[in-house]
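Numbering (the working numbering), first residue to last: 373 to 627.
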């Protein structure tokens, strides 16, 4: 779509326009009608920026992972880039490649044999790492039961916490990280047939283990709340995808 930066003066103050001029935009694509995504390089940092325009051309939504909620210079750079004539875009300097971190460079330099040998020495002493590795690279089950969901969720808690009876925020984060791949697979299983009782039972097991974890360790806070909310959003998407009214009614009757 055609974007005229002059129309968005309420977003593009003189200060922001000046700051945006020193930034580089790259890999900016229109992923859907009026929806743009790309990267903005700010020194050694790179930010993921998205802008969405309504059919009438109004800027309907914007986001940047720099953390600011207001319209930042990174968003301004993207808006100016989108609105620039094609000839000007081609003349703009390309964003430089993101500088690799020290760890990324070390991984590039290490041989596969060295990495394998080192990981094998870590797994016995770091159960959470071993479980995370198994969850990421192991063969995933296509069929679940409520019992397997409960058991594997409990294994993740044990691997991350050991015998500790109280947990800090870091340990809670480890549990949620281990749960993420497992519970995503369970939610995918549920989404295949949310109107079937055994699929709902697996979903119910996920929410049950999360609630029991919170009660047992007296866990509360933003991380757990966000995790539960992400589960609910996925469930809502699965229900919304059921097109047949009878099956949709079967699916929602379980709640």
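All C-beta atoms, glycine included, are put in the ideal place defined by N, C-alpha and C.
Task: Under 8 Å between C-beta atoms of residue 419 and residue 400 - done: The count along the chain shown starts at 1 and reaches residue 419 at position 47. The count along the chain shown starts at 1 and reaches residue 400 at position 28. Taking 8 Å as the Cβ cut-off, residue 419 and residue 400 do not qualify as a contacting pair.
Task: Buried versus exposed, by CB contacts within 10 Å (16 or more), residue 627 - done: As a working note, residue 627 is residue 255 in the chain shown. Classification for residue 627: exposed.
Task: Whole beta strand (DSSP E) elements within the segment 387 to 441, 3-residue minimum - done: 396 to 404, 407 to 414, 417 to 425, 431 to 436
Task: Any alpha helix (DSSP H) of 4 or more consecutive residues that is wholly inside the segment 495 to 538 - done: If one requires a minimum length of 4 residues, the alpha helix (DSSP H) runs lying completely within the segment 495 to 538 are 499 to 509, 518 to 533, in chain order.
Task: Helix, strand or coil at residue 558 [DSSP, three-state] - done: Sequence index remark: in the chain shown, residue 558 carries index 186 (1-based). In the three-state reduction of the DSSP assignment, residue 558 falls in the helix class, which pools H, G and I.
Open item on the list: Am I right that residue 445 and residue 391 are in contact with their C-beta atoms under 8 Å? What's the rounded C-beta distance?
Closed with: Within the chain shown, residue 445 is the residue found at index 73, counting from 1. Within the chain shown, residue 391 is the residue found at index 19, counting from 1. Residue 445 to residue 391, Cβ: 4 Å. Contact.
TODO: Taking residue 384 and residue 426 to be in contact with their CB atoms under 8 Å, please state how far apart those CB atoms are, rounded to whole angstroms.
DONE: Translated into positions along the chain shown, residue 384 becomes position 12. Translated into positions along the chain shown, residue 426 becomes position 54. The pair is not a contact, with the Cβ atoms about 18 Å apart (cut-off 8 Å).
- [ ] Please report how far the alpha carbon of residue 421 lies from the alpha carbon of residue 475, in whole angstroms.
- [x] Your numbering for residue 421 matches position 49 in the chain shown. Your numbering for residue 475 matches position 103 in the chain shown. Between residue 421 and residue 475, the C-alpha separation is close to 25 Å.
Task: Of the residues 382, 534, 374, the one placed nearest residue 408, counting alpha carbons only - done: Position 36 of the chain shown, counted from the start, is the residue given in the question as residue 408. Measuring from the Cα of residue 408, the nearest candidate turns out to be 374.
Open item on the list: Can you give me the C-alpha to C-alpha distance between residue 567 and residue 450, rounded to a whole angstrom?
Closed with: What you label residue 567 is simply residue 195 of the chain shown in a count that begins at 1. What you label residue 450 is simply residue 78 of the chain shown in a count that begins at 1. Roughly 44 Å between the two C-alpha positions.
Task: Through-space distance from residue 424 to residue 394, alpha-carbon basis - done: In the chain shown, the residue the question calls residue 394 occupies position 22. In the chain shown, the residue the question calls residue 424 occupies position 52. Looking at the two C-alpha atoms, the distance is approximately 23 Å.
Task: Buried or exposed by the 16-neighbour rule on C-beta atoms within 10 Å, applied to residue 561 - done: Residue 561 sits at position 189 when you count from the first residue of the chain shown. Taking all protein chains in view, the Cβ of residue 561 is crowded by 16 or more other Cβ atoms within 10 Å, so the residue is classified as buried.
- [ ] May I ask you to report which of helix, strand or coil DSSP gives residue 591?
- [x] For this step, residue 591 is matched to residue 219 along the chain shown. Three-state DSSP puts residue 591 in coil, outside helix and strand.
Task: Alpha-carbon to alpha-carbon, residue 614 and residue 530 - done: What you label residue 530 is simply residue 158 of the chain shown in a count that begins at 1. What you label residue 614 is simply residue 242 of the chain shown in a count that begins at 1. Distance between the alpha carbons of residue 530 and residue 614 is about 36 Å.
Task: Limits of the unbroken alpha helix (DSSP H) element including residue 617 - done: Locating residue 617 in the chain shown gives position 245, where the first residue counts as 1. Looking at the DSSP string, the run of the alpha helix (DSSP H) that includes residue 617 is 617 to 624.
Task: Exposure of residue 504, with buried meaning 16 or more beta-carbon neighbours within 10 Å - done: To locate residue 504, count along the chain shown from 1; it is residue 132. Buried, by the Cβ-count rule.
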